[in-house]
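S.K.: Handing you this structure, nothing more for now.
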Amino acid sequence: MTALLEAEGLVRRYTMRRGLLGRQVELRAVDGVSLRLERGETLGLVGESGCGKSTTGRLVLGLEAPDEGTVRFDGAPVPPVGSAAWRAQRARMQMVFQDPLGALDRRLTIGTQIAEPFEIHGMAGAQDRVAGLLRDVGLREDFAARYPHELSGGQRQRAVLARALATDPALLVCDEPISALDVSVQAQVMNLLIDLQAERRLTMLFISHDLRAVRQVSHRVAVMYLGRIVEEGEPDAVLRDPAHPYAQALVSAIPHPGRTARRQVLQGDPPNPAARPPGCAFHPRCPVAVGLCRSVVPELKPRASDGRRVACHVAQGEAMGEAA
Amino acid sequence: MDDPLVRISGLRVAFDGVPVLRGVDLAVGSGEAVGLVGESGCGKSVTWLAALGLLPGKAQVTGSVVLDGQELLGAPMPLLDRVRGGQIAMIFQDPASSLNPVHRIGRQVGEALRLHRGMDGAAARAETRRLLDQVGIPDAGNRMEAYPHELSGGQNQRVMIAMALAGRPRLLVADEPTTALDVTIQAQILDLLATLRAETGMALVLISHDLGVVAETCDRVAVMYAGLVIEEVSSARLFDAPAHPYTQGLLSALPPLDGLPRQHLAAIPGSVPEPRALPPGCAFGPRCPRRASLCDEQVPLLVDVAPGQRAACRILGADVPPAFGLAAA
Numbered sequence: 001m002t003a004l005l006e007a008e009g010l011v012r013r014y015t016m017r018r019g020l021l022g023r024q025v026e027l028r029a030v031d032g033v034s035l036r037l038e039r040g041e042t043l044g045l046v047g048e049s050g051c052g053k054s055t056t057g058r059l060v061l062g063l064e065a066p067d068e069g070t071v072r073f074d075g076a077p078v079p080p081v082g083s084a085a086w087r088a089q090r091a092r093m094q095m096v097f098q099d100p101l102g103a104l105d106r107r108l109t110i111g112t113q114i115a116e117p118f119e120i121h122g123m124a125g126a127q128d129r130v131a132g133l134l135r136d137v138g139l140r141e142d143f144a145a146r147y148p149h150e151l152s153g154g155q156r157q158r159a160v161l162a163r164a165l166a167t168d169p170a171l172l173v174c175d176e177p178i179s180a181l182d183v184s185v186q187a188q189v190m191n192l193l194i195d196l197q198a199e200r201r202l203t204m205l206f207i208s209h210d211l212r213a214v215r216q217v218s219h220r221v222a223v224m225y226l227g228r229i230v231e232e233g234e235p236d237a238v239l240r241d242p243a244h245p246y247a248q249a250l251v252s253a254i255p256h257p258g259r260t261a262r263r264q265v266l267q268g269d270p271p272n273p274a275a276r277p278p279g280c281a282f283h284p285r286c287p288v289a290v291g292l293c294r295s296v297v298p299e300l301k302p303r304a305s306d307g308r309r310v311a312c313h314v315a316q317g318e319a320m321g322e323a324a
Numbered sequence: 325m326d327d328p329l330v331r332i333s334g335l336r337v338a339f340d341g342v343p344v345l346r347g348v349d350l351a352v353g354s355g356e357a358v359g360l361v362g363e364s365g366c367g368k369s370v371t372w373l374a375a376l377g378l379l380p381g382k383a384q385v386t387g388s389v390v391l392d393g394q395e396l397l398g399a400p401m402p403l404l405d406r407v408r409g410g411q412i413a414m415i416f417q418d419p420a421s422s423l424n425p426v427h428r429i430g431r432q433v434g435e436a437l438r439l440h441r442g443m444d445g446a447a448a449r450a451e452t453r454r455l456l457d458q459v460g461i462p463d464a465g466n467r468m469e470a471y472p473h474e475l476s477g478g479q480n481q482r483v484m485i486a487m488a489l490a491g492r493p494r495l496l497v498a499d500e501p502t503t504a505l506d507v508t509i510q511a512q513i514l515d516l517l518a519t520l521r522a523e524t525g526m527a528l529v530l531i532s533h534d535l536g537v538v539a540e541t542c543d544r545v546a547v548m549y550a551g552l553v554i555e556e557v558s559s560a561r562l563f564d565a566p567a568h569p570y571t572q573g574l575l576s577a578l579p580p581l582d583g584l585p586r587q588h589l590a591a592i593p594g595s596v597p598e599p600r601a602l603p604p605g606c607a608f609g610p611r612c613p614r615r616a617s618l619c620d621e622q623v624p625l626l627v628d629v630a631p632g633q634r635a636a637c638r639i640l641g642a643d644v645p646p647a648f649g650l651a652a653a
């Protein structure tokens, strides 16, 4: 069986002008990302702001067209954006964003908004289905008559999830779905995502900056840095023994009470995507970078020892015999 | 604590008659690092804004905030002006909106030096440079001429910290200083705060929603819920022996880093109550797995439950079997 979603070599460039009369600068938000999502699997995509994780999500959904690369959904290429075929396919792929209030229309009741996908995609029996969806996401049926401002943050995110599930999608892209919620409510929404994923055999792309949350919901995790995936593997394996120096820093940055070992603090700021360092983009901040890292871009490939996919010359043992 | 640097007692704040702080007691000793945690709306930021007289005029503030034997609530403006920045400095979540976008950062740090230490000219410039250096701004001499938009979020937060240090405060109140920053930058800023505290001996109040961040940085943690401190505990005991059901709930709602993946988290049901519609008695009651009838009778007070640990839960002292759910801790 083919994977539900296959993305190959996705590149997304933006051009921006520096200053009033400045020359155009090219910014590669996504720089050669390949993803494979098996049916019923959740892939967690982690990275810091500006690493291209949200753009990757938008490319996968076809909300933006890639400059290079292809996205195949259910074995077939995604139709051109805006075409009828694309619109029909969109019923099978849905998304959830960080800010539920921004995603809901404040002047429409929750019930109307959950029923809207049925109208758009010409499906019957909206009223009964709305009640069922509300139950599925843990809201009472009478919430259908309420307006977004009458709900708490967690309830709003549940309503957004109910609307996303209305067309019974195969793929759900969640972009920081819990970041705007309080700690106790985050746990509720993560539980709900785990349940929905298992019950409906949903395939999920879970985008987050929080490694803890990613471990909680994902079967696999991909770490992004400046437009590229630098490491990919099982969440527990990556958390226990991160191979890429950047993944090591991310794991080390997770606050941990009673920590005895000193935290590894990365020096410097996240680099500017418009001025991408040559070679490995991480080398200016990397504690183990060698000469090779400054000139050659490392490829994401399985490591010899255990098959972990990592894009690092040092972790791959390609930098042997070179002084740091 | 015998002689704390700051003692907040019975602090109450109401906006338009709606209570948001309902009698907060908190003491911070000299050189101590205290964490203040809780979910949005619990009053953790309002506590310090009220203490420093930074709330809008419509806020009704009562209670007492004593710094070095001096009452700050209702104190005359000139005294507050000396305290704010000079004795107690505060930094906020979003450094970009705290800095003036049209002035160079060196000038903004220099302004704090002029206000609080009467420095001018070359002396102020030299001290600005030293402060920027101290907070880890690379190439401080040239960066003094930069505008806030030319710096990254992490560097702007460092500038804010430099401005806060300019008045040589005895207490730095950091309100979610790393929430808007990336994870690796958050680690840098927490590291910097710990280093500065060791160097200068100032006390630190770290306000955060992140139990991990607070426990790692602070000696002692106060947990707030619906306008009250409901538990006060050493960071060491916070994770090992939390007493209040809310604290226990917050801890078990954190995704673990080991054990079976994708298991259900013990989420706290429901959500934080609205300040204008608080339940009677313990505000956490409706979400609490150990709620009993005595919980609804009166608002619980903070009492000692172990050496160095206080909790506001009437179930803990009383010999009442849990109503449902969790067994006694």
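Top line first, the protein sequences correspond to chains Z and R.
Residue numbers for the first sequence follow this note's numbering, beginning at 1 and rising by one.
Residue numbers for the second sequence follow this note's numbering, beginning at 325 and rising by one.
We treat Cβ as the ideally placed atom computed from N, Cα and C, and that holds for glycine.
On a predicted model such as this, the values are computed, not experimentally measured, just so you know.
Glutamate 356 of chain R and alanine 527 of chain R - do their beta-carbons sit closer together than 8 Å?
M.R.: Yes; because the gap between Cβ atoms is below 8 Å, this pair is in contact.
S.K.: So within the region 279 to 303 of chain Z, which uninterrupted alpha helix (DSSP H) runs reach at least 4 residues, ignoring any that extend past its ends?
M.R.: You should have 291 to 295.
S.K.: Mind reading off the beta-carbon distance from glycine 551 of chain R to leucine 345 of chain R? Whole number of angstroms is fine, and I expect it under 8 Å.
M.R.: Confirmed, Cβ separation roughly 5 Å.
S.K.: For arginine 336 of chain R, report the span of its beta strand (DSSP E) as first-last.
M.R.: Per DSSP, arginine 336 of chain R belongs to the beta strand (DSSP E) from 330 to 339.
S.K.: Tell me, please, whether the CB atom of proline 343 of chain R is closer than 8 Å to any CB atom in chain Z?
M.R.: Cβ-Cβ to chain Z under 8 Å: no for proline 343 of chain R.
S.K.: CA-CA distance, valine 223 of chain Z and cysteine 174 of chain Z?
M.R.: Approximately 16 Å, taken between the alpha carbons.
S.K.: When DSSP labels each residue in this structure, what does aspartate 457 of chain R get in the three-state scheme?
M.R.: If DSSP states are grouped into helix, strand and coil, aspartate 457 of chain R belongs with the helices.
S.K.: Just how far apart, CA to CA, sit arginine 135 of chain Z and leucine 403 of chain R?
M.R.: Roughly 57 Å between the two C-alpha positions.
S.K.: Using a Cβ-Cβ cut-off of less than 8 Å, give me the residues of the region 347 to 378 of chain R that come near chain Z, in sequence order.
M.R.: For the region 347 to 378 of chain R, which is checked against every Cβ of chain Z, the residues closer than 8 Å are Glu363, Ser364.
S.K.: In the structure shown, what three-state DSSP assignment does threonine 260 of chain Z receive?
M.R.: Here threonine 260 of chain Z scores only 49 on pLDDT, less than 50, and its place in the model should not be relied on; the value that follows carries that caveat. Three-state result, threonine 260 of chain Z: coil.
S.K.: Name the residue from R:Arg638, R:Arg615, R:Glu556 whose alpha carbon lies nearest to the alpha carbon of proline 352 of chain R.
M.R.: According to the sequence as given, residue 352 of chain R is valine; it is not proline. The residue with the shortest Cα to Cα distance from valine 352 of chain R is R:Glu556.
S.K.: Of all the options R:Val507, R:Arg521, R:Thr503, R:Glu474, which has the alpha carbon lying nearest to the alpha carbon of alanine 486 of chain R?
M.R.: The shortest C-alpha separation from alanine 486 of chain R is found at R:Arg521.
S.K.: Between leucine 581 of chain R and arginine 215 of chain Z, is the Cβ-Cβ spacing less than 8 Å?
M.R.: It is a contact, given that the beta carbons lie within the stated cut-off.
S.K.: So the candidates are Z:Ala304, Z:Val185, Z:Val221; which of them puts its Cα closest to the Cα of leucine 589 of chain R?
M.R.: Among Z:Ala304, Z:Val185, Z:Val221, the Cα nearest to that of leucine 589 of chain R belongs to Z:Val185.
S.K.: What are the uninterrupted segments assigned as beta strand (DSSP E) that are 3 or more residues long and contained completely in the region 43 to 131 of chain Z, given in chain order?
M.R.: Listed in chain order, they are 68 to 73, 93 to 96.
S.K.: Going by the CB atoms, is the gap between glutamate 234 of chain Z and arginine 309 of chain Z shorter than 8 Å?
M.R.: Against a cut-off of 8 Å, the Cβ pair of glutamate 234 of chain Z and arginine 309 of chain Z comes out as no contact.
S.K.: Are there three or more Cβ pairs, one per stretch, closer than 8 Å when the region 147 to 158 of chain Z is compared with the region 189 to 206 of chain Z?
M.R.: Contact between the region 147 to 158 of chain Z and the region 189 to 206 of chain Z is present, because at least three Cβ pairs lie under 8 Å.
S.K.: With DSSP collapsed to three states, give me the class of serine 305 of chain Z.
M.R.: It is coil, neither helix nor strand.
S.K.: State buried or exposed for lysine 53 of chain Z, treating a residue as buried only when at least 16 other CB atoms are found within 10 Å of its CB.
M.R.: Counting Cβ neighbours within 10 Å, lysine 53 of chain Z comes out buried, since at least 16 surround it.
S.K.: Per DSSP, what are the beta-bridge partners of serine 532 of chain R in this structure?
M.R.: DSSP output for serine 532 of chain R lists R:Val361 as bridge partner(s).
S.K.: Is aspartate 506 of chain R closer than 8 Å to glutamate 199 of chain Z when the C-beta atoms are compared?
M.R.: Contact flag unset, no.
S.K.: Counting only beta-carbon atoms, is threonine 260 of chain Z nearer than 8 Å to chain R?
M.R.: Model confidence at threonine 260 of chain Z stands at a pLDDT of 49, short of 50, so the residue's coordinates are unreliable; what they give is reported in the following sentence. Chain R contact via Cβ: absent.
S.K.: Please determine, among R:Gly477, R:Ser476, R:Leu489, the residue with the shortest C-alpha to C-alpha distance to arginine 453 of chain R.
M.R.: Ranking the options by Cα distance to arginine 453 of chain R, first place goes to R:Leu489.
S.K.: Name the two residues that bound the continuous beta strand (DSSP E) containing isoleucine 509 of chain R.
M.R.: Unbroken run through isoleucine 509 of chain R is the alpha helix (DSSP H), 507 to 524; no beta strand (DSSP E).
S.K.: Is the number of C-beta pairs between the region 292 to 303 of chain Z and the region 72 to 90 of chain Z that are closer than 8 Å three or more?
M.R.: Because the criterion of three Cβ pairs below 8 Å is not met, the region 292 to 303 of chain Z and the region 72 to 90 of chain Z do not touch.
S.K.: With 16 as the cutoff for other CB atoms within 10 Å, does serine 208 of chain Z come out buried or exposed?
M.R.: Per the 10 Å Cβ criterion, buried.
S.K.: Do the CB positions of alanine 180 of chain Z and glutamine 98 of chain Z come within less than 8 Å of each other?
M.R.: Result yes, Cβ atoms of alanine 180 of chain Z and glutamine 98 of chain Z sit closer than 8 Å.
S.K.: Counting beta carbon pairs with one atom in the region 523 to 538 of chain R and one in the region 490 to 509 of chain R, are three or more of them shorter than 8 Å?
M.R.: As far as the Cβ criterion goes, the region 490 to 509 of chain R touches the region 523 to 538 of chain R, which means the pair count is three or higher.
S.K.: Taking the straight line between their C-alpha atoms, what separation do you get for glycine 138 of chain Z and glycine 409 of chain R?
M.R.: Straight-line Cα distance between these residues: approximately 48 Å.
S.K.: Per DSSP, arginine 408 of chain R is paired with what?
M.R.: R:Ile412, per the DSSP bridge assignment.
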